[in-house]
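Heads up, the sequence shown is in my numbering, so the first residue is 21 and it goes up one at a time. Reading through the structure tokens given below for one structure.
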Amino acid sequence: MQLKIVKGTRDFFGEKLLPFQFLEKKMHMLFQKYGFQEIRFPILEYQSLFAKAIGEETDIVGKEMYSFPDSNDDMIVLRPEGTASAVRLSIQNAVLKQNKTFRAYYTGPMFRKERPQKGRYRQFYQIGAEFFGEASPYADVEVISMLINYIEEIGLPDITLEVNSIGCGECRPAYQKKLQAFFTDKQDLLCEDCQRRLTTNPLRLLDCKKESCRALSAEAPKTYENLCQACFEHFDAVQAGLQAQGIQYELKATLVRGLDYYSRTVFEVTSNNLGSQSAVGGGGRFDYLFSVYGEKETPAVGFALGMDRLALLLDSQEGTPIDLFFINDDQLANLQLIKQARNSGFSALSSFEGNSIKSQMRQANKVKARFVIIQGERETQEQTLSIKNMETGEQTQIAVTAFAEWLEQWKQ
Ligand code: HAM
21 MQLKIVKGTR
31 DFFGEKLLPF
41 QFLEKKMHML
51 FQKYGFQEIR
61 FPILEYQSLF
71 AKAIGEETDI
81 VGKEMYSFPD
91 SNDDMIVLRP
101 EGTASAVRLS
111 IQNAVLKQNK
121 TFRAYYTGPM
131 FRKERPQKGR
141 YRQFYQIGAE
151 FFGEASPYAD
161 VEVISMLINY
171 IEEIGLPDIT
181 LEVNSIGCGE
191 CRPAYQKKLQ
201 AFFTDKQDLL
211 CEDCQRRLTT
221 NPLRLLDCKK
231 ESCRALSAEA
241 PKTYENLCQA
251 CFEHFDAVQA
261 GLQAQGIQYE
271 LKATLVRGLD
281 YYSRTVFEVT
291 SNNLGSQSAV
301 GGGGRFDYLF
311 SVYGEKETPA
321 VGFALGMDRL
331 ALLLDSQEGT
341 PIDLFFINDD
351 QLANLQLIKQ
361 ARNSGFSALS
371 SFEGNSIKSQ
381 MRQANKVKAR
391 FVIIQGERET
401 QEQTLSIKNM
411 ETGEQTQIAV
421 TAFAEWLEQW
431 KQ
């Protein structure tokens, strides 16, 4: 039997894993500063959770979900995204009955049966954040600020933020009619999917990736010029908030996002260095999603970032180096020293194979050790340790009894 990995999925180890670990570490540090708490929900959910929320007419629900019946013939899916799950978690655990607002973040694998290519996988990884319970435009600004702050923290250059408003239940029906009227006499120029969308969900036309449809969309009536007074004021305040925070953005009238649950503000961050899969992340407001599940209307706004795409953009050298690598003839003494180092808060490793010093030094280089601590024959006799600073190349010798003091000195 030939061992094969499933198409569109990947294994991660060594260097490939480093940017993911780095991204997660930064996520925890930064998101908690904004008062967000981590949530975890299952990979398996009922299909109806997403079909209702994301919309039957979207690519995700229409053709990309991995679904199968469980033993009761209920349809189960591998989650294609996290927003619907975060809403379900909040409803089922009555989170908003205890507090007026809920700020939550998550990370993990998502699944979409798309055609794999660079930056597009069938199992991919997202970092997401959702903010429930605040209708204010400044909640949108807060969420976008956190997203932009995160991008800065991880050091990504050349990122563009695009924003738009797609209105609400008040103004969108009239806008959809206007769109329909605009596209109806150009129907023959639309792709097959868009000809159907014209009657089922005209807003989706603006999201079509086909060149011919995009050219027409560029001329279509603009979403942000067809907002009701309340949506206009909301979008105005979002933009004023972004400007006040010094966040640069571009208005993009055709930005409607690939999921149907959005209302008012939508946004996307893109990079020019990713080829065709340029969207690094996206999000927006989804004030109607709770009511789709029969709950009281609850304002909500959030985003998700594609970790795989962030990892492609990051220098793969980022990651956590090992603090100390031990080379020791006496393995029992070695275990003792490693334990002492780890107890003092250092990451520490050694090889137990007893290879040559040269080969162990190579290993230390590979794990990017900051210091190599050697106790060979001579050091054992003298009860000393030779310590090499791998950054400067400097070598010092200390008494074994002074090791605790040395650790204290280098503790950060
Ligand atoms: P989304 O735009 O579908 O939004 O996905 C967010 C990001 O996930 C994309 O910008 C992209 O970077 C990444 N992504 C999506 N599909 C793939 C794929 N097949 N391979 C690699 N990366 C991919 C959402 O999922 C919404 N839940 C975001 C949100 C949260 N809206 C409000 N709250």
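Beta carbons are placed, not taken as given, at the ideal position from N, Cα and C, and that holds for glycine. The structure displayed is predicted, hence computed values, not measured ones.
Report yes if the C-beta distance between residue i and residue j is below 8 Å; otherwise report no.
i, j, result
"L226", "T274", "yes"
"L98", "S185", "no"
"E150", "A106", "yes"
"L334", "V300", "no"
"M95", "Y66", "yes"
"V81", "F70", "yes"
"I164", "F255", "no"
"L271", "Y313", "no"
"A424", "T404", "no"
"G261", "R142", "no"
"I267", "L181", "yes"
"G102", "M130", "yes"
"V289", "L167", "yes"
Between residue i and residue j, what straight-line distance do the alpha-carbon atoms span, to the nearest angstrom?
i, j, result
"E239", "L199", "11 Å"
"G139", "L325", "12 Å"
"V276", "P222", "11 Å"
"A320", "G153", "6 Å"
"K120", "E317", "13 Å"
"K24", "L332", "24 Å"
"Q337", "M327", "Low local confidence applies: a pLDDT of 44 at Q337 is under 50, so the model's placement there is unreliable, and no value is given."
For residue i, which of helix, strand or coil comes out of DSSP?
i, result
"E425", "helix"
"Y145", "strand"
"M95", "strand"
"K388", "coil"
"R135", "coil"
"T127", "strand"
"R305", "strand"
"L405", "strand"
"Q297", "coil"
Shorter than 8 Å from the beta carbon of residue i to some beta carbon of chain B?
i, result
"Q259", "As a matter of chain content, chain B is missing from the structure shown, which is built from one protein chain."
Closer than 6 Å by C-beta to residue i: which residues in its own chain qualify, once you throw out the five before and the five after it? Chain order, please.
i, result
"E190", "C248"
"D343", "F366, S367 and R390"
Got a sec? Which residues, its chain only, sit under 8 Å from residue i by beta carbon, not counting five neighbours each side?
i, result
"S406", "I393, I394, Q395, G396, E399, Q415, T416 and Q417"
"I59", "A106, L109, A124, Y125 and Y126"
"Q207", "Q215 and L218"
Can residue i be considered in contact with the ligand HAM, in the sense that its beta carbon sits closer than 7 Å to one or more heavy atoms?
i, result
"L333", "no"
"L383", "It is Gln, not Leu, that sits at residue 383 in the sequence shown. Result no, Cβ not under 7 Å from the ligand HAM."
"G148", "yes"
"R224", "no"
"A159", "no"
"Y313", "no"
"V300", "yes"
"D328", "yes"
"E231", "no"
Given residue i, which residues of its chain have a CB within under 7 Å of its CB, disregarding the five upstream and five downstream residues?
i, result
"L309", "A73, V107, Y281 and A320"
"I358", "F346, A368 and S370"
"E44", "T127"
With a threshold of 7 Å (Cβ to nearest heavy atom), would residue i be considered close to the ligand GTP?
i, result
"G322", "Absent from the structure shown: the ligand GTP. Ligands present: the ligand HAM."
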